[in-house]
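Asks: Quick note: the sequence shown uses the numbering used here, first residue 6, plus one each step.
Ideal Cβ placement from N, Cα and C applies to all residues, glycine included.
Please read these numbers as outputs of a predicted model, since none were measured by experiment.
Handing you this structure, nothing more for now.
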Amino acid sequence: MTFPIDAFDDLVLGNQEFRRSFSGSALSGTARKGLAIITCMDSRISPLALVGMQPGDAKILRNAGARVTDDVLRTLVLATYLLGVNRILVMPHTDCRMANESESQLHETIEKQFGVDTRSVEFRTVENQRDALAYDVTRIRSYPLLQSGVVVGGAIYDVATGKLEPVDC
Ligand SMILES: [Zn+2]
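So, in structure tokens, the structure goes:
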């Protein structure tokens, strides 16, 4: 199958523009600031910019709801042993659909609108965002395969104000 250019032509154009001022070729794949951020896929979040960082500084892991899944833990094992990560921030955000709706509501919405039963997928919605954050931070802290000495914190990003609020976990 040929590349579906019609769907991506704006990206190709955007990349041509990007390359004109590109200066990242000297960067390595090691996180220069020793940081990994786990956050949501929400398109309002610019994870590096909101903590004053640049490409090359940090590993960014994203999924629906900023949840600590098995795949996140797998990635953190590699990041902490091989890619310079020694601190990890779990960063969900305000107005997240994963915290505003229940698992069954989301399945129902998709079923009603598209006629597809998605219940074989666990979306990992959260009832209480702070409780879920504490759970996820603890899940990383207690994971036995991570490099020892890694510091783990939790914070909630406010998409309305840009403020990052550290949370006791
Ligand atoms: Zn979200």
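Taking only three categories from DSSP, how would you classify L116?
Replies: Reading the sequence as shown, one finds Glu at residue 116 and not Leu. In the structure shown, E116 sits in a helix (DSSP, three-state: H, G or I).
Asks: If you follow the beta strand (DSSP E) that A63 is part of, which residue opens it and which one closes it?
Replies: First-last of the beta strand (DSSP E) with A63: 63-68.
Asks: From what residue to what residue does the beta strand (DSSP E) around V95 run?
Replies: Segment 92-96, the beta strand (DSSP E) holding V95.
Asks: So what does DSSP say about L169, is it helix, strand or coil?
Replies: Residue state, collapsed to three classes: strand.
Asks: So within the segment 11-56, which uninterrupted alpha helix (DSSP H) runs reach at least 4 residues, ignoring any that extend past its ends?
Replies: With a minimum length of 4 residues, the continuous alpha helix (DSSP H) runs that stay inside the segment 11-56 are 52-55.
Asks: Excluding five sequence neighbours on each side, which residues of the same chain lie with their C-beta closer than 6 Å to the C-beta of A84?
Replies: Cβ neighbours of A84 beyond the five flanking positions: A41, K64, V90.
Asks: Kindly examine ligand 1 and report whether one of its heavy atoms sits closer than 7 Å to the Cβ of M96.
Replies: No, since every heavy atom of ligand 1 falls outside the 7 Å radius drawn around the Cβ of M96.
Asks: For A69 and A104, I'd like the C-alpha separation in whole angstroms.
Replies: For A69 and A104, the distance between alpha carbons rounds to 10 Å.
Asks: Between L16 and G61, how many whole angstroms is the CB-CB distance? I'm expecting something under 8 Å.
Replies: That pair is no contact at about 22 Å.
Asks: What does the alpha-carbon distance come out to for the pair D141 and T123?
Replies: Cα to Cα, the separation comes out at about 24 Å.
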